[in-house]
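Notes to accompany the following structure.
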Amino acid sequence: MELVYFAWVRERIGIDAETVTPPADVTTVTALLGWLATRSAGHAAALSDREAIRVAIDQDFVGLDATIAGAREIAIFPPVTGG
Amino acid sequence: MELVYFAWVRERIGIDAETVTPPADVTTVTALLGWLATRSAGHAAALSDREAIRVAIDQDFVGLDATIAGAREIAIFPPVTGG
Amino acid sequence: MITIRAQAEAFDAGAEASALSAGRTDIGAIVTFTGLVRGDDNLHALTLEHYPAMTERAMAAIAAEAWGRWPLAGGTVIHRFGRLLPGDPIVLVVIASTHRGAAFEAAEFLMDWLKTRAPFWKHEDRGDTQHWVAAKASDDEAADRWER
Amino acid sequence: MITIRAQAEAFDAGAEASALSAGRTDIGAIVTFTGLVRGDDNLHALTLEHYPAMTERAMAAIAAEAWGRWPLAGGTVIHRFGRLLPGDPIVLVVIASTHRGAAFEAAEFLMDWLKTRAPFWKHEDRGDTQHWVAAKASDDEAADRWER
Chain A
1 MELVYFAWVR ERIGIDAETV TPPADVTTVT ALLGWLATRS AGHAAALSDR EAIRVAIDQD
61 FVGLDATIAG AREIAIFPPV TGG
Chain B
1 MELVYFAWVR ERIGIDAETV TPPADVTTVT ALLGWLATRS AGHAAALSDR EAIRVAIDQD
61 FVGLDATIAG AREIAIFPPV TGG
Chain C
1 MITIRAQAEA FDAGAEASAL SAGRTDIGAI VTFTGLVRGD DNLHALTLEH YPAMTERAMA
61 AIAAEAWGRW PLAGGTVIHR FGRLLPGDPI VLVVIASTHR GAAFEAAEFL MDWLKTRAPF
121 WKHEDRGDTQ HWVAAKASDD EAADRWER
Chain D
1 MITIRAQAEA FDAGAEASAL SAGRTDIGAI VTFTGLVRGD DNLHALTLEH YPAMTERAMA
61 AIAAEAWGRW PLAGGTVIHR FGRLLPGDPI VLVVIASTHR GAAFEAAEFL MDWLKTRAPF
121 WKHEDRGDTQ HWVAAKASDD EAADRWER
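Written out as structure tokens, the structure reads:
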């Protein structure tokens, strides 16, 4: 699946997108974030405060307990601040 | 004192302004309206429904119990409908 | 400061809003309200009568009340009088503030009080019938929200 | 229908409002909200990042929600992205309706939800400091007013 990052999540991870294949037991957003945090110090820094992380699957906002089964693009970012 | 009329009050009375000298015992807006209603059939028709009458003295809205002492210009009109 | 004007001429809502913020960087929010003549029920024309000696005084009092209630950066209120046609603009309220909440509230307040406290009267020409518009209870209720 | 656009270019608020009502006589009220970059605390520039694949989809969902909640005659929502300077317009909401209450409410709703549900992120350049703007609890509370 394709992961895309925005704002300070993107800056801390150091890249704006990557393609990953999580292990089969990673089935929810929460599990995905936990697995991603082990990939690099940047990932760990970006994802350390789960309260500050928001997620969209295939361009729809989802909660942390959402399933990632079938997801093509998962976006990870801070709370939005437009308007 | 100068009286000025607007909207259907003006139309029913048939004039847009007149100068009057009410009797000395006419000291409030209510008393003025009562006295005015005796001046012509048009005045009577315009002022018959007191609930539908609003008054300003010297360009400030006042209640029906306001005194008219010292008034230079008294405006009599229906509830406003601008905006 | 809130500028107020009663005039027969049309106004340019966008130009009025731009004029308020020109050269300033302290304004975060501008709310503009434009009221237009609706052409429903065969309306041919809407004529606004007003009380010239009192109109701008009453509008200024309403504007001063808004200025005292909210932290505003500027504003413009224009109310037209005379004969208007369907689609014509009647009234303009533009409010600038640091934040959007104050701008929205002040603009709504100004419209609610203009409708119930400024000396204008609408006369409708519907071709076969002509009549003075009656005050609406809903407008009184909207204005009463702001009483205190 | 509410038209939505995410764009780098500036917009003309007055022209967008005029376009909504042109040739129509069923509109009684137009509310326009313009959000501007404030230059306080030494702000040099504000850069808006967004999620291009999702932005217009999220804006359209918010617009559809407003369309379902109020009787509206039309609307336009424009949100800019990219680097902006103090005084620049960021966001525009224009709502047309028969009556003013619906137009005011829908415009406020759209702003509250755009702030909390559209994928934009503000980055501030204050010369010696650069930082991402944090989401405000007051914006969440404003958005929550409309939950049901």
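Residue numbers (this note's numbering), protein chains in the order written: chain A, 1 to 83; chain B, 1 to 83; chain C, 1 to 148; chain D, 1 to 148.
By construction, the Cβ of each residue, glycine as well, lies at the ideal position given by its N, Cα and C atoms.
DSSP three-state assignment for residue i, whether helix, strand or coil
i      : result
A:A75  : strand
A:D49  : coil
A:S40  : coil
C:P89  : strand
D:W132 : strand
C:D125 : strand
B:A69  : coil
A:V9   : helix
A:A31  : helix
B:A24  : coil
B:D60  : strand
Own chain, CB closer than 7 angstroms to residue i, minus 5 neighbours either side, in chain order
i      : result
A:I22  : Note that residue 22 of chain A is Pro in the sequence shown, not Ile. So the qualifying residues of the chain are L32, W35.
A:A45  : R12
C:W67  : I2
C:A107 : V31, F33, V93, I95
D:A102 : W70, P71, L72
C:T116 : D139, D140, A143
Same chain, Cβ closer than 6 angstroms to residue i, five either side skipped, listed in chain order
i     : result
A:E2  : T19, E73
C:I78 : R5, F11, L92
C:T98 : G28
B:A66 : V29
Residue i classed as buried or exposed, judged by whether at least 16 other C-beta atoms fall within 10 angstroms
i      : result
A:D60  : exposed
C:E105 : buried
D:D112 : buried
D:T129 : exposed
C:L85  : exposed
C:H44  : exposed
C:A73  : buried
C:G23  : exposed
D:K136 : exposed
C:P119 : buried
C:E16  : buried
C:T76  : buried
Residue range of the beta strand (DSSP E) that includes residue i
i      : result
D:R145 : Segment: none, D:R145 is in no beta strand (DSSP E) and carries neither H nor E.
C:A8   : From DSSP, C:A8 is part of no beta strand (DSSP E); its letter is neither H nor E.
D:H79  : 72-80
B:V80  : Where B:V80 is concerned, there is no enclosing beta strand (DSSP E), given that its DSSP letter is neither H nor E.
D:G35  : 29-36
A:T19  : 17-19
Segment limits, alpha helix (DSSP H) that includes residue i
i      : result
D:R69  : 52-69
D:A102 : 100-117
D:E16  : 13-21
Own chain, CB closer than 8 angstroms to residue i, minus 5 neighbours either side, in chain order
i      : result
C:W121 : L48, E49, H50, W132, V133
B:V62  : V29, V55, A56
request  = May I ask you to list, following chain order, the residues of the segment 9-21 of chain C that have a beta carbon less than 9 angstroms from some beta carbon of chain D?
outcome  = D12, A13, G14, A15, E16, A17, S18, S21
request  = Scan the segment 23-35 of chain C for residues whose Cβ lies nearer than 9 angstroms to a Cβ of chain D and list them as they occur along the chain.
outcome  = G23, R24, T25, D26, I27, G28, A29, I30, V31, T32, F33, T34, G35
task = Would you list, in chain order, the members of the segment 67-83 of chain A that have their beta-carbon closer than 8 angstroms to a beta-carbon of chain D?
result = E73, A75, F77, P78, P79, V80, T81, G82, G83
ask   = Which of the residues in the segment 108-135 of chain C, read from start to end, lie with their CB under 7 angstroms from any CB of chain D?
value = Answer in chain order: E108, M111.
ask   = Which residues, taken in chain order from the segment 79-101 of chain C, show a beta carbon closer than 8 angstroms to some beta carbon of chain B?
value = H79, I90, V91
key: Interface residues of the segment 60-78 of chain C facing chain D [CB-CB below 8 angstroms]   = From the segment 60-78 of chain C, no residue has a Cβ closer than 8 angstroms to chain D.
query = Of the residues that make up the segment 46-57 of chain D, which ones have a beta carbon closer than 7 angstroms to any beta carbon in chain A?
reply = Taking 7 angstroms as the Cβ-Cβ cut-off against chain A, the residues of the segment 46-57 of chain D that qualify are L48, E49, Y51, A53, M54, R57.
task = Select from the segment 27-45 of chain A all residues with a C-beta closer than 9 angstroms to any C-beta belonging to chain D, and list them in chain order.
result = none
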